[in-house]
Amino acid sequence: MMKPIQVGLLGIGTVGRGTFEVLARNQEEIMRRAGRGIVITMVADKEVDKARALVNGTATVTADAFEVVKNPDIDIVVELIGGTTVARQLILEAIANGKHVVTANKALLARHGNEIFAAAQRHNVMVAFEAAVAGGIPIIKALREGLTANRIEWIAGIINGTSNFILSEMRSQGLSFETALKQAQERGYAEADPTYDIEGIDAAHKLTIIAAISFGIPMRFEDAYTEGISSLAAMDIRYAEELGYRIKLLGITKRTPKGIELRVHPTLIPARRLIANVEGVMNAILVHGDAVGDTLYYGAGAGSYPTASSVIADLVDITRMHTADPEHRVPHLAFQPDQLSSIPVLPITEVETAYYLRIQVLDRPGVLADITRILADNAISIDAMMQKEPAAGKEQADIIMLTHVTVEKNVDAAIAKIEKLPVVVGKVTRIRMEQLGTQ
Ligand code: HSE
Numbered sequence: 003m004m005k006p007i008q009v010g011l012l013g014i015g016t017v018g019r020g021t022f023e024v025l026a027r028n029q030e031e032i033m034r035r036a037g038r039g040i041v042i043t044m045v046a047d048k049e050v051d052k053a054r055a056l057v058n059g060t061a062t063v064t065a066d067a068f069e070v071v072k073n074p075d076i077d078i079v080v081e082l083i084g085g086t087t088v089a090r091q092l093i094l095e096a097i098a099n100g101k102h103v104v105t106a107n108k109a110l111l112a113r114h115g116n117e118i119f120a121a122a123q124r125h126n127v128m129v130a131f132e133a134a135v136a137g138g139i140p141i142i143k144a145l146r147e148g149l150t151a152n153r154i155e156w157i158a159g160i161i162n163g164t165s166n167f168i169l170s171e172m173r174s175q176g177l178s179f180e181t182a183l184k185q186a187q188e189r190g191y192a193e194a195d196p197t198y199d200i201e202g203i204d205a206a207h208k209l210t211i212i213a214a215i216s217f218g219i220p221m222r223f224e225d226a227y228t229e230g231i232s233s234l235a236a237m238d239i240r241y242a243e244e245l246g247y248r249i250k251l252l253g254i255t256k257r258t259p260k261g262i263e264l265r266v267h268p269t270l271i272p273a274r275r276l277i278a279n280v281e282g283v284m285n286a287i288l289v290h291g292d293a294v295g296d297t298l299y300y301g302a303g304a305g306s307y308p309t310a311s312s313v314i315a316d317l318v319d320i321t322r323m324h325t326a327d328p329e330h331r332v333p334h335l336a337f338q339p340d341q342l343s344s345i346p347v348l349p350i351t352e353v354e355t356a357y358y359l360r361i362q363v364l365d366r367p368g369v370l371a372d373i374t375r376i377l378a379d380n381a382i383s384i385d386a387m388m389q390k391e392p393a394a395g396k397e398q399a400d401i402i403m404l405t406h407v408t409v410e411k412n413v414d415a416a417i418a419k420i421e422k423l424p425v426v427v428g429k430v431t432r433i434r435m436e437q438l439g440t441q
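Those letters in the sequence shown? Residues 3 to 441, by the numbering used here.
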């Protein structure tokens, strides 16, 4: 039997600890699969004493992560530090030293992945990142390998558990955004600064990676359209429900004749879709391939053991593949590096989708006629409509319209005109809407 693969762990927080425990717990099973042992022999963490207590003499502990990436005995570096500065330096140095890398760092890959994968290719090493997208769900494996026969047409995913928890609570308990966010924080789901979760940035990082491996394009995070859930009103979730829809924060990427759509935003989807019923912190990704049709991947998008499950899958993959000719490994972005496409990402104004519009109006004759005229002038066709009578003692009614698919710039133009009508109160609420299939 060959000597075990030696792993250096950078960061032994929630995911690092899970990786350490699962690797120890399932070591025999993992060895039977990998063909040789996989052991963590070195751990770097700022909290040295805590790390020492965790590894209990089985690995060398240091506060200096650069010691790990420099150590000639380490075969694979697992980066679980997060962030885009030190983590980037550490990974580039590990690669330059000929080490393979496993990372859960979606922000780093979305923003610096092109540089990191180019370096890995130059040094003939692998950078594996299953844990970077949707925690325990093996979506990278599915897209890069399981669906490799397909032309991927589109993907829609619930890829941020915190925001999905908030939306689920707003709908099922009738809570406001602020109250639901507080609950997420109390349960330890949202970060102390929850901006990345609730403003769609974390989802956009993951979507950027998904789009790259689905369409064979470089990481294009800077071109992603990102809109979060912080300004969503409980009222719209209720109205959507009455119309047979749920609102989810979706990451959507689609191939169109004009370019790739890459967008994260709250989205109305039919309540009868399986993905509309993914609740709480769970994640789910719906992938449409031309041969396979729709496939749906569901599971825990975060957490110690689920994320460790993905980290260790990457360790096993590298253990099996590291002696293979680099030309015969699965390419980082699923497509051969010289085959990446320069197809552009569409600006959001060029995206075509349907819309939910809520317009607050003074309940006067002719209001509806004025609004529908503006929509018609901008080539926007109405699919469904609902009017909510003014509450007792109030003069304002809500008009809710669902449109057919149209181009976003037409909706922008129509909304600007509608908001200028003297009978319209305040801003028009606009939420994009997707059917996600035809059944
Ligand atoms: N903050 C992320 C989420 C964790 O809520 O899904 C995993 O990236």
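All residues carry an ideal CB built from backbone N, CA and C; glycine is no exception.
Item: C-beta atoms of L370 and G218 nearer than 7 Å; Value: no
Item: Endpoints, the beta strand (DSSP E) within which R432 is located; Value: 426–435
Item: One or two residues paired with M44 in a DSSP bridge; Value: G10, T62
Item: Helix, strand or coil at Q91 according to DSSP, with G and I counted as helix; Value: helix
Item: Whole-number beta carbon distance between I40 and P6, since they are thought to touch under 8 Å; Value: 6 Å
Item: Environment of ligand 1 in chain order, Cβ to heavy atom below 6 Å; Value: G137, N162, G163, T164, D199, D204, G303, A304
Item: Beta bridge counterpart(s) of I212 as assigned by DSSP; Value: Answer is none; I212 lacks a bridge partner.
Item: Residues that DSSP places opposite A476 in a beta bridge; Value: Residue 476 is absent from the structure shown; the chain starts at 3 and stops at 441.
Item: Q338 in three-state terms, based on DSSP; Value: coil
Item: Assigned exposure category for D77 - 16 Cβ within 10 Å defines buried; Value: buried
Item: Rounded straight-line distance, which links the Cα of I203 to that of T197; Value: 8 Å
Item: Ranges of the alpha helix (DSSP H) found wholly within the stretch 294–333, counting only runs of at least 4; Value: 306–323
Item: Inter-residue CB distance, I83 and G13 (contact presumed, cutoff 8 Å); Value: 4 Å
Item: A67: CB within 6 Å of a non-hydrogen atom of ligand 3; Value: Looking at this structure, you won't find ligand 3 anywhere; what it does contain is ligand 1.
Item: Opening and closing residue of the beta strand (DSSP E) in which D77 lies; Value: Per DSSP, D77 belongs to no beta strand (DSSP E) and is neither H nor E.
Item: Neighbourhood of A293 by C-beta, 6 Å cutoff - its chain only, sequence neighbours within 5 removed; Value: A151, N152
Item: Cβ pair count under 8 Å reaching 3, the stretch 326–342 against the stretch 294–312; Value: no
Item: Any 3 or more C-beta pairs closer than 8 Å across the stretch 397–417 and the stretch 358–369; Value: yes
Item: Paired residues, beta bridge with D400 - DSSP; Value: Q362, K390
Item: Whole-Å CB distance - I118 paired with L92, under 8 Å assumed; Value: That pair is no contact at about 11 Å.
Item: Contact under 7 Å by Cβ, L404 with A386; Value: yes
Item: N-terminal and C-terminal residue of the alpha helix (DSSP H) that V353 is part of; Value: Looking at the DSSP string, V353 is not in any alpha helix (DSSP H), and its letter there is neither H nor E.
Item: Beta-carbon proximity check, R146 vs A336, cutoff 7 Å; Value: yes
Item: Environment of E513 [buried if 16+ CB atoms lie within 10 Å]; Value: For the chain, the structure presents residues 3 to 441; residue 513 sits outside this window and is missing.
Item: Assumed close pair M172, I239 - CB separation to whole angstroms, cut-off 8 Å; Value: 5 Å
Item: Where P424 falls, given that 16 or more other Cβ within 10 Å makes a residue buried; Value: exposed
Item: Beta-carbon spacing of I277, L288 below 7 Å; Value: yes
Item: Extent of the continuous beta strand (DSSP E) run through L270; Value: 261–272
Item: Burial state of M316 (16 or more Cβ within 10 Å); Value: For the sequence presented, residue 316 should be read as Asp rather than Met. It is buried - the Cβ of D316 has at least 16 other Cβ atoms within 10 Å.
Item: From R275, N279, Y299, residue whose alpha carbon lies closest to that of R286; Value: In the sequence under discussion, the amino acid at residue 286 is Ala, which differs from the Arg named in the question. It is Y299.
Item: Three-state class that DSSP yields for Y227 in the structure shown; Value: strand
Item: Beta-carbon proximity of L251 to P268, cut-off 7 Å; Value: yes
Item: Y191 - DSSP class collapsed to helix/strand/coil; Value: coil
Item: Beta-carbon spacing of I254, R265 below 7 Å; Value: yes
Item: Rounded Cβ spacing between D195 and S165 (contact assumed at less than 8 Å); Value: Incorrect: roughly 14 Å between the Cβ atoms, too far for contact.
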